[in-house]
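S.K.: Attaching a single structure in structure tokens format; questions to follow.
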């Protein structure tokens with residue numbers, strides 16, 4: 001990311017709390033709603049995370065505040081950690097994504113690593129989050145499909 005553009009976003013409401021998570025905290029979070037942040041097929045690469053909790057809504061099982069957003073990073077190579085993020089649909093649009101992404105980026109830098117963020121250009125909300133969090137395009141990928149020949 002462009003460090004000069006990174007901001008310490010805060011959630012728009014003080015009813016939300018952000019917490020730093022480590023690998024031990026991820027065990028119960030390999031669920032479909034967190035599939036962009038964590039990868040159950042490569043759990044050993046999921047290193048660090050930032051989570052958002054709604055302090056006014058509680059998990060029925062644990063009694064803890066409800067987890068509503070999760071940004072986590074995977075150690076895709078030794079020096080660069082990739083960020084993925086998920087926000088529950090009913091909490092989108094509250095600036096939780098850039099709050100989590102930018103704070104996780106800062107935590108990654110503290111570990112001596114470089115954060116990076118991948119998004120399909122078709123996923124406009126994700127691209128906007130990347131830009132709001134200080135990330136700029138560094139490379140692009142192009143996927144193609146063969147065009148069937150017609151006779």
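Numbering (the working numbering), first residue to last: 1 to 151. For every residue, glycine included, the Cβ atom is placed at its ideal position computed from N, Cα and C.
1) Is it the case that the Cβ atoms of residue 26 and residue 46 are separated by a distance below 8 Å?
2) Look up residue 124 in the DSSP assignment and say whether it is helix, strand or coil.
3) Per the contact definition of three or more C-beta pairs closer than 8 Å, is the stretch 57-67 in contact with the stretch 100-117?
4) Please list the segments of the beta strand (DSSP E) lying wholly inside the stretch 57-137, counting only runs of 3 or more residues, in order along the chain.
5) For residue 29, name the three-state secondary structure that DSSP assigns.
6) Cα separation between residue 34 and residue 79?
7) Assuming residue 29 and residue 18 form a contact by the criterion Cβ under 8 Å, report the distance between their Cβ atoms to the nearest whole angstrom.
8) Excluding the 5 residues preceding and the 5 following residue 66 in the sequence, name in chain order all residues of the same chain whose CB lies nearer than 7 Å to its CB.
9) What does the Cβ neighbour count give for residue 81, buried or exposed, with the cut at 16 atoms within 10 Å?
10) Would you kindly report the start and end of the unbroken beta strand (DSSP E) that includes residue 17?
11) If you reduce the DSSP assignment to three classes, tell me which class residue 55 lands in.
M.R.: Quick look at the numbers:
1) At the C-beta level, residue 26 and residue 46 come within 8 Å of one another.
2) Reduced to three states, the DSSP call for residue 124 is helix.
3) The stretch 100-117, when compared against the stretch 57-67, does not touch it at the 8 Å Cβ threshold.
4) Qualifying beta strand (DSSP E) stretches, in chain order: 65-74, 80-87 and 114-117.
5) Assignment of residue 29 by DSSP, reduced to helix, strand and coil, places it in the helix class.
6) Those two C-alpha atoms are separated by around 24 Å.
7) About 15 Å separates the beta carbons of residue 29 and residue 18, which is beyond the 8 Å limit, so they are not a contact pair.
8) Within the same chain, residue 66 has close Cβ partners 53, 54, 57, 58 and 59.
9) With 16 or more other Cβ atoms within 10 Å, it is buried.
10) Residues 16-22.
11) Three-state DSSP puts residue 55 in a strand.
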